[in-house]
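As structure tokens, the structure follows; a few thoughts come after it.
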Amino acid sequence: MLNKLIESFGKRILISLESLGRIILFFLAGLKNIFIPPFQFAKIIDHTWFIGSKSIFVIVLTGFFTGMVIGLQGYYSLVKVGSEAALGAAVALTLISELGPVFTAIMVTARAGSSMAAEIGVMRISEQIDALKTMHINPVRFLFSPRIIAAVISFPLLTALFDVVGIFGGFISGSIMLGINQHVYMDTVIQSIKVHDINGGFYKAFAFAVVTTTICCYRGYYTHLYSGFGARGVSLSTTNAVVQSCIAIFIFDYIITFFLV
Amino acid sequence: MDTPLIQFIDVSKSFGETLVLKRLNLSIYKGEITAVIGKSGTGKSVLLKHIIGLVNQDSGQILIEGRPLNKLSRTDRKSFHKKLSYMFQDNALFDFMNIYDNIALPLVENSTFPKDQVKNKVFELMKQLGLTGIQEKFPAQLSGGMKKRVALARALVTDPKIVLFDEPTTGLDPIRKKNVHSMIQEYQKKFEFTAIIVSHDIPEIFNVVQRIALLDDGIIKFEGSKKDILDSHSKILNDFIDGKDV
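Read top to bottom, the protein sequences are chains A and B. Going by this note's numbering, the final residue of the first sequence carries number 1121, and the count climbs one at a time with no gaps. Going by this note's numbering, the final residue of the second sequence carries number 248, and the count climbs one at a time with no gaps.
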């Protein structure tokens, strides 16, 4: 009984290590192919439009309401200690250094990451990836490399948009609805933000772009290994891609914050 | 007879517990069209995928002009694979690309042809295959037969030296079927490529090919020319041709 348990545990560890090795190799192959000419500008623009431009609406919406909630919660917490004037600073710092990059990455993963995993997964089960190989086209270069670049361009820009819209949301709930002086709100926002905080947010956005794109493309690419063939396989890959990306976002968020503070 | 262009020697392949190819032997000769016939699920597509490098054998050898494929240098293997083209059973067209881009893809990604030359080549091929006017459509908007022809166009656009056709006429009406067969014959004569066709079109396929191989239960049970078929008293071959369970 105990032997079987240990055996099963060992097997799981081996499978996880194998999977980790494969994903690192997949990432390195994708990274290497970014720098090998001819450069895939058209594909990068296409994916940037898909990951970036098409996510603007959802980022604006979630950013605005996140800012409003922080403004509302922050006000009632700060008013207890008579520091409601610091609301602008609280909203801005929370968004820029923490919630902006994390929520943006989660939303973009839910919208574009799931789509990447599903699209590449369907290509795998319908032999389109094999077809690329028979045409002497490197599938990792063709499918993954342009998406990393597109994500690295899109994530920081969307994060910046989320931050700005969130600060505006906090302004609406804190100043317009709860009566904090508008000049005080904006002034504390401007005074509190340091270049270090903005850079920190961008480092996170950059890291999340690389990590989530790698996980989503990897899950789609190896659908047949982990989730099997068919529609069910693709749906499992897509779900796993989103769940694992979200977990990775929180893990990397902690690691980066640890080194930044 | 000359040295075969491609030769399978005792090739075995299994997927999990299932042994698909069992010490299979087969010879493919340069400039000929060889048909691989056999029941569904007997490993015909797996056999083709060994040649293109999508699947590797567990044991045995695949010789290319007498040299083991797995012992060729990286450059030689790459140059051999560049001579190949593959038409998939389910077409494997890229559903996010229009028809023009699907056909042009191997040229665009691998060659330094000017755009105009690629365009001319693709349109010429589309015209020959009766695909004129659909260049802006997407695969999902086409009928099964049209998709087949697009896949055929993509397989031929690079002027390959060896073409592997995995059931190129499945799902086509008899007229289109005949057209595709004539097209393969015509192109083969024109460009003198070597072709291997996995097919269930019996007896029509016999008019297209020079050699036939019957694959059954992971083994080639008959291999020979059309004349050999006519002269053959092989029960297994005659039963298969007559549609009796082998």
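Ideal Cβ placement from N, Cα and C applies to all residues, glycine included. Fair warning: this is a prediction, and the values are worked out from it, not measured in the lab.
- Contact with chain B is absent for Lys892/A, since none of that chain's Cβ atoms lies less than 9 Å from the residue's Cβ.
- Shortest Cα-Cα distance from Thr134/B to any of Lys191/B, Asp118/B, Asp218/B, Arg151/B involves Arg151/B.
- Assignment of beta-bridge partners to Val929/A by DSSP yields no partner.
- Around the beta carbon of Gly45/B, a 10 Å sphere encloses 16 or more other beta carbons of the protein chains shown; the residue is thus reported as buried.
- Secondary structure of Phe1112/A (DSSP, three-state): helix.
- The contact set of Met995/A on chain B, defined by CB atoms closer than 9 Å, consists of Ser87, Tyr88, Leu107, Pro108, Glu111, Asn112, Arg156, Thr160 in chain order.
- Counting the other Cβ atoms within 10 Å of the Cβ of His1056/A gives fewer than 16, which makes it exposed.
- By the Cβ test, the segment 1023-1037 of chain A is in contact with the segment 923-941 of chain A, since at least three Cβ pairs between them sit closer than 8 Å.
- Rounded to whole angstroms, the Cβ separation of Gly981/A and Ser1097/A is 5 Å, and the two are in contact under 8 Å.
- Neighbours of Asp92/B in chain A, taken as residues at a C-beta separation under 8 Å, are given in chain order as Ser986, Glu987.
- Within the same chain, and ignoring the five residues on either side of Leu86/B in sequence, the residues whose Cβ sits closer than 8 Å to its Cβ are Ile53, Ile54, Pro162, Lys163, Ile164, Val165, Leu166.
- Of the residues assessed, Glu169/B falls on the buried side of the cut-off, its CB having 16 or more other CB atoms within 10 angstroms.
- Fewer than three beta-carbon pairs drawn from the segment 984-991 of chain A and the segment 19-34 of chain B are found closer than 8 Å, and the two stretches are therefore not classed as touching.
- If you draw a straight line from the Cα of Phe125/B to the Cα of Ile199/B, it is about 25 Å long.
- Here Phe10/B carries a strand assignment [DSSP, helix/strand/coil].
- When C-beta atoms of the segment 1027-1044 of chain A are compared with those of the segment 1072-1083 of chain A, fewer than three pairs fall below 8 Å, so the two segments do not count as touching.
- By the C-beta density criterion, Tyr102/B is buried, having at least 16 other C-beta atoms within 10 angstroms.
- Val982/A belongs to the set of residues whose beta carbon lies under 9 Å from a beta carbon in chain B.
- Taking the Cα positions, Val920/A is about 10 Å away from Thr964/A.
- Per DSSP, the unbroken alpha helix (DSSP H) holding Lys864/A starts and ends at 862-894.
- Between the segment 887-894 of chain A and the segment 988-1003 of chain A there are three or more inter-stretch CB-CB distances shorter than 8 Å, so the stretches are counted as touching.
- The alpha-carbon of Ile1009/A is positioned some 43 Å away from that of Ser943/A.
- Interface with chain A (9 Å Cβ-Cβ cutoff): Ile64/B is excluded.
- Of the other Cβ atoms in all chains shown, 16 or more fall within 10 Å of the Cβ of Asn93/B; this residue is therefore buried.
- Residues of the same chain with a CB within less than 6 Å of the CB of Phe1004/A, apart from the 5 flanking positions on each side, are Gly890, Cys1077 in chain order.
- Secondary structure of Glu138/B (DSSP, three-state): coil.
- Ranked by how close their Cα comes to the Cα of Asp218/B, the residues Asp4/B, Lys15/B, Ile39/B, Phe17/B have Ile39/B in first place.
- Along the segment 47-63 of chain B, the positions whose C-beta sits under 7 Å from a C-beta of chain A are Ile54, Leu56, read in chain order.
- Here the C-alpha atom of Asp12/B lies approximately 51 Å from the C-alpha atom of Ile1111/A.
- Between Pro1006/A and Phe1062/A, the CB-CB gap reaches or exceeds 9 Å.
- For Ser87/B, the beta-bridge partners assigned by DSSP are Val165/B.
- In this structure the segment 1047-1056 of chain A lies against the segment 950-958 of chain A, because at least three pairs of beta carbons, one per stretch, are closer than 8 Å.
- Membership of Phe242/B in the alpha helix (DSSP H) is indicated by the continuous run 237-243.
- Counting along the chain, the unbroken beta strand (DSSP E) around Ile66/B starts and ends at 61-66.
- In the displayed model, Ile997/A falls within coil according to three-state DSSP, outside both helix and strand.
- Within the same chain, Cβ atoms closer than 7 Å to the Cβ of Ile966/A are found at Cys1106, Ile1109, the five residues on either side in sequence being excluded.
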